[in-house]
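A.B. asks: Quick note on my numbering: the sequence shown kicks off at 5 and runs consecutively.
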Amino acid sequence: MAYAPTAPHLDFAAPPSPARLVVLVSGSGTNLQALIDACADPAYGATIVAVGADRDGIAGLERAAKAGIPTYVHRVKDFPERTEWDAALTGTTAAYAPDLVVTAGFMKILGGGFMRRFEGRIINTHPALLPSFPGAHGVRDALAYGVKVTGCTVHLVDDGVDTGPIIAQGVVEVTDADHEDGGDALHERIKSVERTLLVDAVGRLAREGHSVHGRRVLPLTPHQ
Ligand code: GAR
Numbered sequence: 005m006a007y008a009p010t011a012p013h014l015d016f017a018a019p020p021s022p023a024r025l026v027v028l029v030s031g032s033g034t035n036l037q038a039l040i041d042a043c044a045d046p047a048y049g050a051t052i053v054a055v056g057a058d059r060d061g062i063a064g065l066e067r068a069a070k071a072g073i074p075t076y077v078h079r080v081k082d083f084p085e086r087t088e089w090d091a092a093l094t095g096t097t098a099a100y101a102p103d104l105v106v107t108a109g110f111m112k113i114l115g116g117g118f119m120r121r122f123e124g125r126i127i128n129t130h131p132a133l134l135p136s137f138p139g140a141h142g143v144r145d146a147l148a149y150g151v152k153v154t155g156c157t158v159h160l161v162d163d164g165v166d167t168g169p170i171i172a173q174g175v176v177e178v179t180d181a182d183h184e185d186g187g188d189a190l191h192e193r194i195k196s197v198e199r200t201l202l203v204d205a206v207g208r209l210a211r212e213g214h215s216v217h218g219r220r221v222l223p224l225t226p227h228q
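1) Leaving out the 5 sequence neighbours to the left and right, which residues in its chain are closer than 6 Å to valine 175 when beta-carbon positions are compared?
2) Which same chain residues end up closer than 6 Å to leucine 28 when comparing Cβ atoms and leaving out the 5 residues on each side of it in sequence?
3) Under the three-state reduction of DSSP, which class applies to arginine 121: helix, strand or coil?
4) In the DSSP output, which residue or residues are listed as bridge partners for histidine 214?
5) When DSSP labels each residue in this structure, what does methionine 5 get in the three-state scheme?
6) Hey, could you find the ends of the alpha helix (DSSP H) glutamate 88 is sitting in?
7) Kindly indicate which three-state DSSP category arginine 59 falls into: helix, strand or coil?
8) Per the contact definition of three or more C-beta pairs closer than 8 Å, is the stretch 140-149 in contact with the stretch 80-96?
9) Sorry if obvious, but does the Cβ on alanine 57 come closer than 8 Å to a heavy atom of the ligand GAR?
10) Which of the three DSSP states, helix, strand or coil, is assigned to threonine 179?
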């Protein structure tokens, strides 16, 4: 069942410090690594309590293990129905009692059960300037369209694909040379902006809480 926000205005108070983060990954995990590094500073105000994945054998899981962070894997193909995968992912994630869930290169659409359980507290990072070029090929699609600038978007997850309220965006220029290698170098430049953007956004929400007003994510201030 699809998730839809339960109210046009939702407040999320700052959790006790350090905020508990669960990070979901599917690949190399350089965004995860940036979060691991940031969390080493107590002033950052967050700690990664677990890293989940939808596949084995990825560098993201190795990065977590090296940092001593518990990991878990739920593969869609191991479940007869997608809803059962969603229930397993929801249950294991919930067992770590996260204040915020970060999808950092997690290449699966989250299910309705997961969305309801962590409503308004799931942060995704996407390698394009949303609402342009959502989906699994944000870099390639932007390049194919011929844009001169692209970038990255950190946003809250809702029931659509990369459609949730935007928290932060970063801009990266596209050069003629980017068309030669299919976007690999462009994606690397985007990721170097993206890591800083994600670390800043997650830290801010962890330390200060946040408020969702329709499509806007605002700092949580008293008496709103
Ligand atoms: C990031 O660029 C992230 O935005 C992208 O995967 C990369 C993961 O890099 N996610 C998507 O495309 C989701 N639609 P990383 O594994 O090195 O952090």
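Here a beta-carbon is modelled for each residue, glycine too, at the ideal position from N, C-alpha and C.
C.D. replies: The answer reads as follows:
1) Val153 and Gly155
2) Gly56, Thr107 and Phe110
3) helix
4) Phe16 and Pro223
5) Low per-residue confidence applies at methionine 5: pLDDT is 41, beneath 50, and the placement is therefore not dependable, though the value from the model is reported in the following sentence. Here methionine 5 sits in coil by DSSP.
6) 86-99
7) coil
8) no
9) no
10) coil
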